[in-house]
Amino acid sequence: MTDFKEQLAQGLQEMGLSLPKTQQLMLLEYVALLKKWNKTYNLTALRNEDKMISHHLLDSLTLLPYVKNAKTLMDVGSGGGMPGIPTAICCPDLHITLLDSNTKKTTFLQQAVIELGLKNVTIASGRVETIHDKKVDVVTSRAFAELHDFIALTKHLLNENAYWAAMKGVYPYEELEKVPNNIEVYQIDKLTVPQLAAERHMVLMRPKKENV
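So for the sequence shown, this note's numbering puts the first residue at 1; every next one is plus one.
1. Measuring alpha carbon to alpha carbon, tell me which of Leu116, Ser18 and Gly81 ends up nearest Arg214.
2. Could you check whether Leu8 and Leu64 sit closer than 8 Å to each other, using their CB atoms as the reference points?
3. Name the DSSP bridge partner or partners of Ala124?
4. Specify the secondary structure class of Ser18 as computed by DSSP and reduced to three states.
5. Kindly list the residues whose CB is nearer than 8 Å to the CB of Gln24, restricted to its own chain and excluding five residues on each side of it in sequence; keep chain order.
6. Do you know how far the Cα of Val113 is from the Cα of Leu43?
7. Applying the criterion that 16 or more other CB atoms from any shown protein chain within 10 Å of the CB defines a buried residue, is Val212 buried or exposed?
8. Any chance you could list the beta strand (DSSP E) runs of at least 3 consecutive residues sitting entirely within the region 52-108, in chain order?
9. Buried or exposed: Gly126, going by 16 or more other Cβ atoms within 10 Å of its Cβ?
10. Taking Cβ to Cβ, would you say Ile123 is nearer than 8 Å to Leu109?
11. Look up Ile131 in the DSSP assignment and say whether it is helix, strand or coil.
12. Smallest Cα separation from Pro172: which of Lys35, Val185, Val67 and Ala162?
13. Between Leu99 and Met74, what straight-line distance do the alpha-carbon atoms span, to the nearest angstrom?
14. State the start and end residues of the unbroken beta strand (DSSP E) segment that holds Glu221.
15. DSSP three-state call for Gln187: helix, strand or coil?
16. Measure the alpha-carbon distance for Gly79 versus Ala45 and round it to whole angstroms.
17. For Ala145, which of Val138, Glu175 and Leu94 has the nearest alpha-carbon?
18. Pick from Thr154, Cys91 and Glu199: whose alpha carbon is nearest that of Lys119?
19. Less than 7 Å between C-beta atoms, sequence neighbours within five positions excluded: which residues of the same chain meet that for Glu29?
20. With a threshold of 8 Å on Cβ separation, who are the neighbours of Lys35 within its own chain once the five nearest residues in sequence on each side are excluded?
21. Would DSSP call Val250 helix, strand or coil?
22. Where Gly21 and Thr87 are concerned, what is the direct C-alpha to C-alpha distance, given to the nearest angstrom?
Rendered as structure tokens:
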């Protein structure tokens with residue numbers, strides 16, 4: 001665990017993130033749970049624990065600067081809890097809903113939330129288009145769907161003044177061409193994830209305001 005502690009601490013330092021030791025330990029605890037349950041529930045294709053720090057924790061934490069002013073967030077197609085659980089650990093005042101249609105995965109998510117003592121997380125099981133009792137400030141996903149599908153499936157979840165934070169790999173040229181005209185893509189940032197040799201981008205979008 002010490003090596004992973006150092007690996008995480010070094011990654012956080014490179015990202016300019018200062019997290020209390022308690023949160024760092026919880027992040028490592030989450031990775032341990034992911035590894036333990038992965039054998040049974042196939043939560044992630046990643047079997048190499050060394051890479052879990054970079055590919056799951058640090059990659060998820062690239063979301064943090066984009067949710068600073070939000071009070072509620074929904075992680076759609078959360079799978080094994082990324083980016084929702086690492087974000088919840090680091091932002092205890094942000095209320096996060098983890099949504100997935102796979103009941104095995106939501107069973108794991110429920111267990112992880114209990115074991116980690118995350119009071120700011122709710123689990124929702126089902127398809128995103130059937131969720132109509134929640135509206136949030138930010139809707140995020142990591143590799144859930146192409147941008148136009150992501151927008152169409154989740155638009156009903158947005159509060160007034162809410163936005164999408166779509167976590168992408170390579171720059172999504174083709175997907176951006178299909179974004180509907182009534183949606184504004186207002187920021188695209190290239191992200192650097194320590195220890196991860198792959199492209200990452202954050203795409204921020206919001207519905208265009210209708211002219212009054």
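The beta-carbon is built from N, C-alpha and C at its ideal position, and this holds for glycine as well.
On the basis of the supplied data:
1. Coverage of the chain is limited to positions 1 through 212, which leaves residue 214 absent and any answer about it impossible.
2. no
3. Leu99
4. coil
5. Lys5, Leu8, Ala9 and Leu12
6. 15 Å
7. With a pLDDT of only 46 at Val212, under 50, the local geometry of the prediction cannot be trusted, and the value read off the model is given with reservation. Val212 should be labelled exposed.
8. 72-76 and 95-100
9. exposed
10. yes
11. coil
12. Val185
13. 7 Å
14. What the structure shows of the chain is the stretch from 1 to 212, and residue 221 is not part of that stretch, so it cannot be assessed.
15. strand
16. 11 Å
17. Glu175
18. Cys91
19. Leu116
20. Glu49 and Met52
21. Beyond the ends of the chain as shown, which are 1 and 212, falls residue 250; an answer cannot be given.
22. The sequence shown places Lys at residue 21, not Gly. If you take the alpha carbons of Lys21 and Thr87, they lie about 15 Å apart.
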